[in-house]
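Q:
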Amino acid sequence: MSALPVLESVAEPRPRVSVLLLCFRDADYIRAALDSAFAQTVPCEIIVSNDCSGDGTFEIAEELVAAYRGPHRVHVRKTERNLGVSAHFNDVMALASGEIIVMMAGDDIAYPERVATIVRAFDEHPGATVLGSDFDAIGSHGEPIRVSFRQRPQRYDFDYYVRIGRLIGLLGATMAFRREVYDRFGPLLGPIEDNALSLRGALLGQSLNLRQPLIQYRRHPGSVSGTVFARDEPRALATRRRYERTVQFYRGTADDLEACLRKMPELPRSKRRLAEQVLAMYRIEADAREAILLQPRWRWLGPVLRGLGQRGLRRKSAERALKLLLPRSWFGLR
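Residues 1 to 334 in the UniProt record's numbering are what the sequence shown spells out, letter by letter.
1) Pull up the distance between the alpha-carbon of LEU197 and that of VAL130, whole angstroms please.
2) Cβ of residue 335 within 8 Å of Cβ of LEU325?
3) Can you give me the start and stop residues for the beta strand (DSSP E) that ILE101 sits inside?
4) Please classify SER9 as buried or exposed, where buried requires at least 16 other C-beta atoms within 10 Å of its C-beta.
5) Does the Cβ of LEU322 have 16 or more other Cβ atoms within 10 Å, making it buried, or fewer, making it exposed?
6) Pull up the DSSP beta-bridge partners for VAL76, would you.
7) I'd like the list of long-range same chain contacts for PRO13, defined as Cβ closer than 8 Å, with 5 residues on each side in sequence excluded.
8) According to the Cβ coordinates, are ALA173 and TYR217 closer than 8 Å?
9) Since PRO144 sits in a beta bridge, which residues does DSSP pair it with?
10) Leaving out five residues before and five after VAL48 in sequence, what residues of the same chain have Cβ atoms less than 6 Å from its Cβ?
11) So, do the stretch 83 to 93 and the stretch 49 to 57 have three or more beta carbon pairs nearer to each other than 8 Å?
12) Could you tell me the distance, in whole angstroms, from the CA atom of ILE109 to the CA atom of ASP159?
13) Mapping DSSP to helix, strand and coil, what is ARG218?
14) Can you give the Cα-Cα distance for LEU167 and ARG306, rounded to whole angstroms?
15) Whose C-beta lies closer than 6 Å to the C-beta of LEU34 among residues of the same chain, with five residues either side of it excluded?
16) Tell me the rounded alpha-carbon separation between ARG272 and ASP256.
17) For the candidate residues ASP91, GLU285, HIS88 and ALA37, whose alpha-carbon lies nearest to that of TYR68?
18) Excluding the 5 residues flanking ILE30 on each side, which residues of the same chain have their C-beta closer than 7 Å to its C-beta?
19) Classify LEU203: buried if its beta carbon has 16 or more other beta carbons within 10 angstroms, exposed otherwise.
20) When you compare only the Cα positions, how much space is there between SER18 and MET93?
21) Can the beta-carbon of GLY169 be found less than 8 Å from the beta-carbon of TYR156?
22) Could you tell me the distance, in whole angstroms, from the CA atom of residue 336 to the CA atom of LYS263?
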């Protein structure tokens, strides 16, 4: 009597998409954020990671994940200590297995079609390596609000940054990227992820912004954007702290772009030239803000003169030169 053939177990296919749901002090919002992640119509790997906030966010997430029954692979974890935005992102990226990475914050709400729309957009635009989207803004209690973000362009290439003279990339809360954007260059440098990822995308291909709102982006006093840019702090401190944090942000983004350029010797000369101009813009802006914040006025002249010679910064540098004639208090500093 012949033995029955042994059936080999078939491994569950790896999800194409990893959703990184990063949270910090989001106890009031994590339920809505997780519910919206669970509602995605494309099966995903969902990694819920709390940056050691100690406010109950992790425990709530752990409870919701334990009760979840559905098509997604869901993991919940927390860091051993608070890492900050970029370091937390780097920590979680080591765990993600998808070829497309979708970013999500613990205080935002994704529309159910978000992941499906992102996957379709990547399929339709094979040259795109990073995607963002428009958004609907809400407040602490889910009420619609208006925010001061200018409308994003549809393409973020190096020529855009130089031409328009603005160092703002895709909004991090709306971002998704092919994992080569991380694997090709390694962990992010600097404190914030959105500009660094936008520029990496421009190096490798295209950074695109979808005109369709795919999330409800929540603004509240404890939000990351409010903390980084001091939007909700007392006016007497807000300008100074915004200058301090922007200097760190610009320097970190410049460090990341410079490190990426070293790893791309094959980059076409025309694109490298534009990327180097953007790198110079970040360095000049960081030096200029630091000089205004900390240095005697004669030390402002170096960054101002460099900015006047840099395409993209000439008008801003001319305006900054006028500040040499004004008291610091006129532009919010003492």
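The C-beta atom is built at its ideal place from N, Cα and C for all residues, glycine as well.
A: Here's the rundown:
1) Here residue 197 corresponds to residue number 197 of the sequence shown, with the count starting at 1. Here residue 130 corresponds to residue number 130 of the sequence shown, with the count starting at 1. Taking the straight line joining both Cα atoms gives about 7 Å.
2) Nothing in the structure corresponds to residue 335, since the chain is present only between 1 and 334.
3) Taking the sequence shown and counting its residues from 1, one reaches residue 101 at position 101. Start and end: 100 to 105.
4) Taking the first residue of the sequence shown as position 1, residue 9 is located at position 9. The predicted position of SER9 is uncertain, since its pLDDT is 37 and thus under 50; a value taken from the coordinates is nonetheless stated next. So SER9 counts as exposed.
5) By 1-based counting over the sequence shown, the position of residue 322 is 322. When all chains shown are included, LEU322 counts as exposed.
6) Within the sequence shown, residue 76 is the residue found at index 76, counting from 1. Paired residues: VAL48.
7) Position 13 of the sequence shown, counted from the first residue, corresponds to residue 13. Closer than 8 Å at Cβ, skipping near neighbours: no residue.
8) Here residue 173 is taken as the residue at index 173 of the sequence shown, counted from 1. Here residue 217 is taken as the residue at index 217 of the sequence shown, counted from 1. Going by C-beta atoms, ALA173 is nearer than 8 Å to TYR217.
9) If you number the sequence shown from 1, residue 144 lands on position 144. Looking at the DSSP assignment, PRO144 forms a beta bridge with ILE138.
10) Translated into positions along the sequence shown, residue 48 becomes position 48. Closer than 6 Å at Cβ, skipping near neighbours: LEU21, ALA61 and VAL76.
11) yes
12) Here residue 109 is taken as the residue at index 109 of the sequence shown, counted from 1. Here residue 159 is taken as the residue at index 159 of the sequence shown, counted from 1. About 32 Å.
13) Position 218 of the sequence shown, counted from the first residue, corresponds to residue 218. Strand at ARG218.
14) Translated into the one-based positions of the sequence shown, residue 167 becomes position 167. Translated into the one-based positions of the sequence shown, residue 306 becomes position 306. C-alpha separation (whole angstroms): 16 Å.
15) Taking the sequence shown and counting its residues from 1, one reaches residue 34 at position 34. Cβ within range, chain order: LEU64.
16) Within the sequence shown, numbered from 1, the residue matching residue 272 stands at position 272. Within the sequence shown, numbered from 1, the residue matching residue 256 stands at position 256. Using only the alpha carbons, I get a separation of about 15 Å.
17) Stepping through the sequence shown from its first residue, residue 68 is reached at position 68. Ranking ASP91, GLU285, HIS88 and ALA37 by Cα distance to TYR68 puts ALA37 first.
18) Counting from 1 along the sequence shown, the entry for residue 30 is found at position 30. Contacts found: CYS23, THR57, ILE60, ALA61 and GLY106.
19) In the sequence shown, residue 203 corresponds to position 203, counting from 1. Result: buried.
20) Position 18 of the sequence shown holds residue 18. Position 93 of the sequence shown holds residue 93. In a straight line, the C-alpha of SER18 is about 9 Å away from that of MET93.
21) Counting from one through the sequence shown, the residue named residue 169 turns up at place 169. Counting from one through the sequence shown, the residue named residue 156 turns up at place 156. Yes. Within cutoff.
22) Because the chain in this structure spans residues 1 to 334, residue 336 falls outside the shown range and cannot be described.
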